[in-house]
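Enquirer:
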Ligand code: PLP
Ligand code: MN
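Residue numbers (the numbering used here): 574 to 963.
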């Protein structure tokens with residue numbers, strides 16, 4: 574991990590927001606904490622566990638903050654993310670993904686042993702007999718008594734990883750149960766394809782099908798004599814449905830913490846907690862032309878895979894449109910009927926189109942207390958697993 578740049582040493586605490594250098598990735602800590610509270614209340618009301626996905630924030634500090642608020646641990650997508658968070662003190666990790674490479678499986682086994690030794694645990698998803706056999710071999714090779722929780726991933730509609738719901742999942746569960754250091758922990762049933770379906774009805778029916786498929790698979794596995802300890806899944810777009818299903822016992826949603834512009838385009842469910850934007854790119858107008866202005870944030874500051882950022886804090890009649898100006902520039906045009914172009918030197922706040930890959934572009938999140946207008950820097954949060962993609 575790179576050391577904090579001089580400007581972000583302990584002297585950063587207390588810096589006024591208007592003096593934060595741009596472009597910078599800023600977390601509105603008050604908004605983030607409100608989102609955490611909303612999620613904690615929601616999960617409690619529905620009697621489900623929550624294991625927020627750390628692919629969003631990649632920070633041990635935030636994972637631990639979420640646990641303090643009631644989260645049961647963290648999901649990660651990659652082994653190297655798990656290693657980075659474990660090094661930062663996170664004890665209960667689920668790699669919600671498949672791993673096949675022998676060297677990585679050996680590291681996985683060692684991480685499982687390390688976490689077990691300090692009272693924690695590691696879990697991994699599988700969707701093949703080959704994956705199970707290789708994991709079992711690595712666990713034996715690692716030479717520890719520690720076990721690992723293994724979830725069978727079923728494809729509940731996304732068409733990504735996972736065996737089809739039904740008998741194939743039964744065979745994998747049985748294979749896990751036969752292995753010495755592997756514990757069959759349940760089903761990983763995440764429907765990524767449903768998260769950004771725009772209509773409430775579309776998302777409801779997609780998850781109704783996922784719930785039915787997961788419940789049916791559980792019935793088959795239990796009929797074969799194996800208890801299904803947990804069905805885990807759900808993202809920010811659909812969590813109301815998994816939570817109410819009585820089938821899913823754990824929610825993996827991550828984006829609720831920061832809320833990107835793409836999620837703001839979903840039709841909102843009345844039962845959905847009112848999550849608010851909490852992650853912003855602060856940017857400055859560095860060129861003012863007659864027809865447009867240019868700011869200093871391009872796609873090295875924010876990811877654009879799910880659309881360009883929104884300019885935050887403007888009423889619709891004064892909206893500005895952000896257009897792609899390349900790696901280091903954003904071009905702003907008037908959009909609303911009463912829009913006025915901001916003056917040269919003005920600071921603006923952008924809501925990223927997609928927060929997960931945006932965070933991965935930065936070493937630090939600048940935590941601001943007291944709002945974007947008049948707040949101050951409270952602390953710098955390290956993105957411990959930045960670039961941890963293996
Ligand atoms: N679980 C898995 C397996 C995921 O891949 C993701 C995100 O892609 C999530 C949970 C979290 O979804 P979100 O960040 O949309 O809440
Ligand atoms: Mn995402």
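Just so you know, even glycine gets a beta-carbon here, dropped at the ideal spot from N, CA and C.
Do you know whose CA, among 714, 661, 886, lies nearest residue 680's CA?
Expert: 714
Enquirer: Report, in whole angstroms, the separation of the C-beta atoms of residue 767 and residue 810, which I expect to be a contact under 8 Å.
Expert: 7 Å
Enquirer: Going by DSSP in three states, residue 933 sits in which element: helix, strand or coil?
Expert: coil
Enquirer: If you compare alpha carbons, which of 617, 857, 659, 728 is closest to residue 694?
Expert: 659
Enquirer: Is any heavy atom of ligand 1 found at a distance shorter than 6 Å from the C-beta of residue 669?
Expert: yes
Enquirer: Can the beta-carbon of residue 611 be found closer than 7 Å to that of residue 846?
Expert: yes
Enquirer: Provide the residue span of the alpha helix (DSSP H) that contains residue 619, from first to last.
Expert: 602-619
Enquirer: Taking DSSP as the reference, what is the three-state secondary structure of residue 868?
Expert: Secondary structure at residue 868: strand, using DSSP grouped into helix, strand and coil.
Enquirer: Drop a sphere of 10 angstroms on the beta-carbon of residue 771, count the other beta-carbons inside from all chains shown, and report buried for 16 or more, exposed for fewer.
Expert: exposed
Enquirer: May I have a chain-ordered list of the beta strand (DSSP E) segments no shorter than 3 residues that lie completely inside the stretch 644-729?
Expert: 647-649, 665-668, 694-699, 721-726
Enquirer: Return yes when the Cβ of residue 805 is within less than 7 Å of the Cβ of residue 742, no when it is not.
Expert: Not in contact: residue 742 and residue 805 (Cβ atoms no closer than 7 Å).
Enquirer: Looking at the structure shown, is residue 583 part of a helix, part of a strand, or coil, going by DSSP?
Expert: Unreliable positioning characterises residue 583 in this predicted model, as indicated by a pLDDT of 49, which lies under 50. The coordinate reading is nonetheless provided below. Note: residue 583 maps to helix in three-state DSSP.
Enquirer: Is the stretch 721-741 close to the stretch 835-849, with three or more CB pairs under 8 Å?
Expert: no
Enquirer: Is the beta carbon of residue 878 within less than 6 Å of some heavy atom of ligand 2?
Expert: no
Enquirer: What does the alpha-carbon distance come out to for the pair residue 674 and residue 655?
Expert: 16 Å
Enquirer: DSSP state of residue 943, grouped into three classes?
Expert: Reduced to three states, the DSSP call for residue 943 is coil.
Enquirer: Among 710, 637, 854, which residue has its Cα nearest to the Cα of residue 683?
Expert: Nearest C-alpha to residue 683: 710.
Enquirer: Hey, is the stretch 909-918 in contact with the stretch 850-863, meaning 3+ C-beta pairs nearer than 8 Å?
Expert: yes
Enquirer: Among the residues of its own chain, which have a CB less than 7 Å from the CB of residue 882, if the five just before and after it don't count?
Expert: 834, 854, 875, 895, 923, 924, 925, 926
Enquirer: Does the separation of the CB atoms of residue 604 and residue 953 fall below 7 Å?
Expert: no
Enquirer: Alpha carbon to alpha carbon, how far is residue 534 from residue 933?
Expert: Because residue 534 is not part of the residues shown, which for the chain are 574 to 963, the question remains open.
Enquirer: Which residues in the same chain as residue 595 place their Cβ atom closer than 6 Å to its Cβ, once the five residues preceding and following it in sequence are excluded?
Expert: 855, 856, 857, 869
Enquirer: Between residue 657 and residue 705, what straight-line distance do the alpha-carbon atoms span, to the nearest angstrom?
Expert: 24 Å
Enquirer: Classify residue 961 as helix, strand or coil using the three-state DSSP reduction.
Expert: coil
Enquirer: Just to check my reading of the structure: residue 797 and residue 783 have Cβ atoms closer than 8 Å, yes? What is that Cβ distance to the nearest angstrom?
Expert: Contact flag wrong, Cβ pair sits at about 22 Å.
Enquirer: Quick check on residue 622: does DSSP put it in helix, strand or coil?
Expert: strand
Enquirer: Looking only at DSSP bridge pairs, what is residue 525 linked to?
Expert: In the structure as shown, the chain begins at 574 and stops at 963. Residue 525 is therefore absent and cannot be evaluated.
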